[in-house]
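Everything below concerns the one structure shown next.
Number of protein chains: 2
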Amino acid sequence: MAKKSNIEKNSSTEEKIKEAARKVFTQKGYAATRTRDIAEEAGYNLALLNYYFRSKEKLFDIICLENIQLFLPSVIGIINDESTTLQEKIEILVSNYIDMLIKNPELPLFVLSEIHKDPVKLINKVWANNVSHEGTYMVKQWQEFVAKGKGPAINPIHIFVNTLSMMIFPFIASPLLRNRTGMNITEFNKLMLERKKLIPVWIAAMLNIK
Amino acid sequence: MAKKSNIEKNSSTEEKIKEAARKVFTQKGYAATRTRDIAEEAGYNLALLNYYFRSKEKLFDIICLENIQLFLPSVIGIINDESTTLQEKIEILVSNYIDMLIKNPELPLFVLSEIHKDPVKLINKVWANNVSHEGTYMVKQWQEFVAKGKGPAINPIHIFVNTLSMMIFPFIASPLLRNRTGMNITEFNKLMLERKKLIPVWIAAMLNIK
DNA sequence: TAAATATTTAATCAAACGATTAAATTATTT
DNA sequence: AAATAATTTAATCGTTTGATTAAATATTTA
Numbered sequence: 077m078a079k080k081s082n083i084e085k086n087s088s089t090e091e092k093i094k095e096a097a098r099k100v101f102t103q104k105g106y107a108a109t110r111t112r113d114i115a116e117e118a119g120y121n122l123a124l125l126n127y128y129f130r131s132k133e134k135l136f137d138i139i140c141l142e143n144i145q146l147f148l149p150s151v152i153g154i155i156n157d158e159s160t161t162l163q164e165k166i167e168i169l170v171s172n173y174i175d176m177l178i179k180n181p182e183l184p185l186f187v188l189s190e191i192h193k194d195p196v197k198l199i200n201k202v203w204a205n206n207v208s209h210e211g212t213y214m215v216k217q218w219q220e221f222v223a224k225g226k227g228p229a230i231n232p233i234h235i236f237v238n239t240l241s242m243m244i245f246p247f248i249a250s251p252l253l254r255n256r257t258g259m260n261i262t263e264f265n266k267l268m269l270e271r272k273k274l275i276p277v278w279i280a281a282m283l284n285i286k
Numbered sequence: 077m078a079k080k081s082n083i084e085k086n087s088s089t090e091e092k093i094k095e096a097a098r099k100v101f102t103q104k105g106y107a108a109t110r111t112r113d114i115a116e117e118a119g120y121n122l123a124l125l126n127y128y129f130r131s132k133e134k135l136f137d138i139i140c141l142e143n144i145q146l147f148l149p150s151v152i153g154i155i156n157d158e159s160t161t162l163q164e165k166i167e168i169l170v171s172n173y174i175d176m177l178i179k180n181p182e183l184p185l186f187v188l189s190e191i192h193k194d195p196v197k198l199i200n201k202v203w204a205n206n207v208s209h210e211g212t213y214m215v216k217q218w219q220e221f222v223a224k225g226k227g228p229a230i231n232p233i234h235i236f237v238n239t240l241s242m243m244i245f246p247f248i249a250s251p252l253l254r255n256r257t258g259m260n261i262t263e264f265n266k267l268m269l270e271r272k273k274l275i276p277v278w279i280a281a282m283l284n285i286k
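Residue numbers (my numbering), protein chains in the order written: chain G, 77 to 286; chain D, 77 to 286.
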């Protein structure tokens, strides 16, 4: 087997294979993807995949990790920011996240499917030494909010779940929703952009229920 | 090839294979499932699968259709009921649906993944000659609600999407949520049951935003 | 430019997998 | 009980698929 140089390669070939792999894996998942599909999509011979990445599984691990890192931890920085209010956090989170999801609409289904297959393995890879849910600054803010009697006395996780649900679920159900309503992707995206302003208002309405 | 009798069989074997297939297919999806896994799960020889169902694909089609019918059209009867108010519809829908999801927590990810792979084919199989989204009685009720100036002037589909999102998404994200918060399945289900009362209240709060 | 290394390809291997076959066993019918 | 049909199994076939090999071409280094 030929040895690769230690010098960092900008190798457009390697990058093209990775991009093809990302496209096919994200669309079809690990099992339904054939290495030959990736090679064809990339415009190279099959053996190149194994030359650059040793195996289908190793290539998948790379793509999978990158997809999960794009999907998950972008949240953490926002919910632990001590300089923003609860309401501001939600506004920033929703706005950034919906922009990301419009660019990567297939990410949620891919990531949640993968996590479903092996939660511990995948989540620990990304969250290795990170803070727990309970430790987030956002949860502290919520607990103060409840303690002051400003909001309803329910488990704060409900509101967190609702925020994620209303942001992410429409993208997971997009094919179904668009088929049932006759929307095309442009109209769907327009609807999702509307939600950048609407979701924080809805969450605020939930928080003000006595 | 032996011929099967025309008489309807209660054949426990056929039923056992179907149940094994449902379990494995729903958990791992079509591509990741090996017919040998199903045979082993059912406790029979591999050839039995092909004897009863001719092929992996035919067996999958049966399971898939049944899963989708369990997941989707239960909604239609409720949202087209002319004897209930908008608020009542939401209460009944949420309560029934959450009960169903606690019993079949893997259904949403399976169905939405399958629809993602081929939306037209699958949705038409279930909704063949059914009413469109626009034609549902629930949408008419919402349009009256908006016309009377009772609620915010937004696309009614947002509220519909929010209801589905808050019901279904937690089950899709369950492995992630439980891992992050340290909940076990019992605690998770308790949280979901709480939502049977909470979601209608949240939706009502959204509807009353001026 | 020549040698060495990296990249790319065609051909092929071995294992996994869906499917089939033919024979054995069990159940039903006459 | 004998004959017929249904059910179940072990063995195996042909493809598909991930991976490897060895050789050809391109690129880099000396």
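Where is the CB? At the ideal position from N, CA and C, for every residue including glycine.
Beta carbon proximity, residue i to chain D, threshold 8 Å
{"i": "G/P232", "result": "no"}
{"i": "G/V29", "result": "Outside the shown range of chain G, which is 77 to 286, sits residue 29 of chain G, and nothing can be said about it."}
{"i": "G/W218", "result": "no"}
{"i": "G/N172", "result": "no"}
{"i": "G/P181", "result": "no"}
{"i": "G/L32", "result": "One cannot answer for residue 32 of chain G here, as it falls past the ends of chain G, which runs 77 to 286."}
{"i": "G/S189", "result": "yes"}
{"i": "G/I154", "result": "no"}
Helix, strand or coil at residue i according to DSSP, with G and I counted as helix
{"i": "D/A107", "result": "helix"}
{"i": "G/L148", "result": "coil"}
{"i": "D/N249", "result": "Residue identity differs from the one stated: residue 249 of chain D is Ala in this sequence, not Asn. Looking at D/A249 - three-state DSSP - the assignment turns out to be coil, as it is neither helix nor strand."}
{"i": "G/E133", "result": "helix"}
{"i": "G/A329", "result": "Outside the shown range of chain G (77 to 286) lies residue 329 of chain G, about which nothing can therefore be said."}
{"i": "G/N231", "result": "coil"}
{"i": "G/T262", "result": "helix"}
{"i": "D/T161", "result": "coil"}
{"i": "D/K272", "result": "helix"}
{"i": "G/G119", "result": "coil"}
{"i": "G/N86", "result": "Residue placement at G/N86 cannot be trusted, given a pLDDT of 45 that sits under 50; the coordinates are not used to answer."}
With 16 other Cβ atoms within 10 Å as the buried cut-off, status of residue i
{"i": "G/A123", "result": "exposed"}
{"i": "D/N238", "result": "buried"}
{"i": "G/I261", "result": "exposed"}
{"i": "G/T109", "result": "buried"}
{"i": "D/K348", "result": "Given a span of 77 to 286 for chain D in the structure shown, any question on residue 348 of chain D remains unanswerable."}
{"i": "D/T212", "result": "buried"}
{"i": "D/V196", "result": "exposed"}
{"i": "D/I285", "result": "exposed"}
{"i": "D/L267", "result": "buried"}
{"i": "D/G105", "result": "buried"}
{"i": "G/R98", "result": "buried"}
Minimum Cβ-Cβ distance from residue i to chain G less than 8 Å
{"i": "D/G105", "result": "yes"}
{"i": "D/M63", "result": "No answer is possible for residue 63 of chain D: the residues shown for chain D start at 77 and end at 286."}
{"i": "D/P195", "result": "yes"}
{"i": "D/V277", "result": "yes"}
{"i": "D/V237", "result": "yes"}
{"i": "D/L177", "result": "no"}
{"i": "D/I199", "result": "yes"}
**Request:** Using a Cβ-Cβ cut-off of less than 9 Å, list which residues of the region 253 to 268 of chain G approach chain D; keep chain order.
**Result:** For the region 253 to 268 of chain G, which is checked against every Cβ of chain D, the residues closer than 9 Å are L253, R254, N255, R256, T257, G258, M259, L267.
**Item:** Short-range partners of chain G found in the region 239 to 253 of chain D, where Cβ spacing is below 9 Å
**Value:** For the region 239 to 253 of chain D, the residues whose beta carbon sits under 9 Å from a beta carbon of chain G are, in order, L240, S241, M242, M243, I244, F245, P246, I248, A249, S250, P251, L252, L253.
**Request:** Starting from the N-terminal side, write out each stretch of the beta strand (DSSP E) that is 3 residues or longer and does not extend beyond the region 171 to 212 of chain D.
**Result:** none
**Request:** Compile a chain-ordered list of the residues in the region 108 to 134 of chain D whose CB is closer than 7 Å to at least one CB of chain G.
**Result:** Flagged, chain order: A108.
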